[in-house]
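Residue numbers (the working numbering): 198 to 438. Virtual Cβ for every residue (Gly too), placed ideally from N, Cα, C. What follows is one structure encoded as structure tokens, with my remarks underneath.
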Ligand code: UDP
Ligand code: MG
């Protein structure tokens, strides 16, 4: 009988990928440096969300050099929330870090997020200096303000994918399309403690952004109404006897 205990990783990094072929190698090089410096067991889960470019081939190539890479490939493009959901469900680590594949998030911020895990169940990156177009920055600012006002939150930047979670809390979230923009609220609804830390944000060098004002603003406003409803109707009963 094999008596070796199966060692589960401490950290699972989850990265949704949709047509990011040029970004994946440089991203992974940066990420591996940071993960090595942590001295923890790690896995990196890439979710190929129906890419039409060479992303999957690049990921498979990277997998040959690093056994900690896991790849989940969707049949077709299903969106970032689906990709996060598949990654969170597959994650084996005690702690989960989520981030974008486009090099806009900086892996060197990961230790900063991990420092606060333990005191908090979710640590959200706040892109203090956004490196996006003026129109994206202003629309994001309005969206954050409306979201906070209507949902009674005070989150500075829900749109930043760079976040760390205690896995037990991340796995409790029941996700629907678009709800990746509401992770802090969903974690709080599960009784989790949430904080934010300032992180670096870099301009996109390769590939194209996947959202525009039209497909982001209207849909996320409808999603916001759904989240407000969920928050209002959350079950809060306590059994006395
Ligand atoms: N993404 C995805 N599926 C989609 C759209 C985006 O997996 O349908 C990924 C994308 O490859 C990137 C991340 O989600 O890794 C964020 O996308 P993007 O950079 O376009 O968003 P932004 O930075 O503008 O919020
Ligand atoms: Mg981006």
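DSSP places residue 353 outside both helix and strand once states are collapsed to three, so it counts as coil.
As a beta-bridge residue in DSSP terms, residue 398 pairs with 302. For residue 403, the CB contacts under 7 Å within the same chain, skipping 5 residues up- and downstream, are 219 and 220 in chain order. Taken in chain order, the whole alpha helix (DSSP H) runs of length 4 or more contained in the region 266-350 are 277-287, 307-313 and 331-348. Per the Cβ contact rule, the region 370-383 is in contact with the region 415-434 (3 or more Cβ pairs under 8 Å). Pairing residue 216 with residue 250 gives a Cβ-Cβ distance under 8 Å. Sequence-distant partners of residue 353 (beyond 5 residues in either direction) whose C-beta falls short of 8 Å from its own C-beta, in its chain, are 323, 341 and 393.
Contact check between the region 362-369 and the region 296-307: fewer than three CB pairs, one atom from each, fall below 8 Å, which does not count as touching.
With respect to the C-alpha of residue 409, the residue from 429, 271 and 330 having the closest C-alpha is 330. Between residue 256 and residue 436, the alpha-carbon positions lie close to 49 Å from each other.
When the Cα atoms are used, residue 222 and residue 298 turn out to be separated by approximately 10 Å. Distances taken from the Cβ of residue 272 to the heavy atoms of the ligand UDP include none shorter than 7 Å. In the structure shown, residue 263 adopts coil according to DSSP, grouped into three states.
In terms of CA proximity to residue 430, 348 leads the group 348, 355, 411 and 367. Per DSSP, the beta-bridge partners of residue 393 are 321.
A direct Cα-to-Cα measurement between residue 203 and residue 289 gives close to 11 Å. At a Cβ-Cβ threshold of 8 Å, residue 210 and residue 245 do not count as neighbours. Where residue 430 is concerned, there is no enclosing beta strand (DSSP E), because DSSP gives it neither an H nor an E.
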